Amino acid sequence: MSTTAIVIVVVVVVVLLVAALVARPYLKRRQLQAKFGPEYDHLVRDKGDRRTAEQELEERQRRHERFELRPLSEESREGYLRDWAWAQEQFVDSPRGAVRRADELVGQIMRERGYPVEGTEQQIADLSVEHSAVLDNYRIAHDISSRGDDDAPSTEDLRNAMRHYRTLVEDLLDHATTERSK
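When we follow the working numbering, the leftmost residue of the sequence shown carries the number 2, and every step to the right adds one.
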């Protein structure tokens, strides 16, 4: 092989390596954006730094892989649907109680599925791996439900919280059904 051919091969290999190194972070970013959806943007805004947000999302994935998630039995799923219907019915007489019950129901579903339940922020982080599309619903609902008497939510706020909890509960239960049928 001539010296010119060797130089051309080396240059091509170097160019390909540089292109791969440049493309890797972009591809990783695109993968995280696709997986986490709106949660990716939320975390970048929250952290103020794309790299820090991406590292946290990768850590969330690693943590999530260690969970032993279980599908819900049909009986359990139906029980949660009944509990949800009851919470909605209670809204007329006790809006705040119904919202509290909705929040508790989310924790119960997560616990039975195998998610650790270690506080709202950790729950949000853990749910973000599989339920990122509905996390803003959880944030809004939990924010409303956790207001104290000095900033008591209006009945309309509580109605909105129930609507947001419904989106999350449905997603959790639908996802548990999808996993069971795989």
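From the three backbone atoms N, C-alpha and C, an ideal C-beta is built for every residue, glycine too. Because the structure is a prediction, the values reported are computed rather than measured.
- Rounded to whole angstroms, the gap between the alpha carbons of E122 and R164 is 20 Å.
- Excluding residues up to 5 positions away in sequence, V45 lie with their Cβ nearer than 7 Å to the Cβ of R51 in the same chain.
- The alpha-carbon of T5 is positioned some 49 Å away from that of R61.
- Judged by beta-carbon spacing, H143 lies within the 8 Å limit of D104, meaning their Cβ atoms are closer than that value.
- Classified as buried, E40 has 16 or more neighbouring CB atoms from the shown chains inside 10 Å of its CB.
- DSSP places P39 in the helix class (H, G or I) of the three-state scheme.
- Per DSSP, the continuous alpha helix (DSSP H) segment holding G98 begins and ends at 96–114.
- Judged by pairs of C-beta atoms under 8 Å, the stretch 145–161 does not touch the stretch 63–70, as fewer than three such pairs exist.
- Here S146 is near V100, since their CB atoms are less than 8 Å apart.
- N161 and D172 have their C-alpha atoms roughly 17 Å apart.
- H132 and E55 have their alpha carbons spaced roughly 17 Å apart.
- E90 and I110 have their C-alpha atoms some 19 Å from each other.
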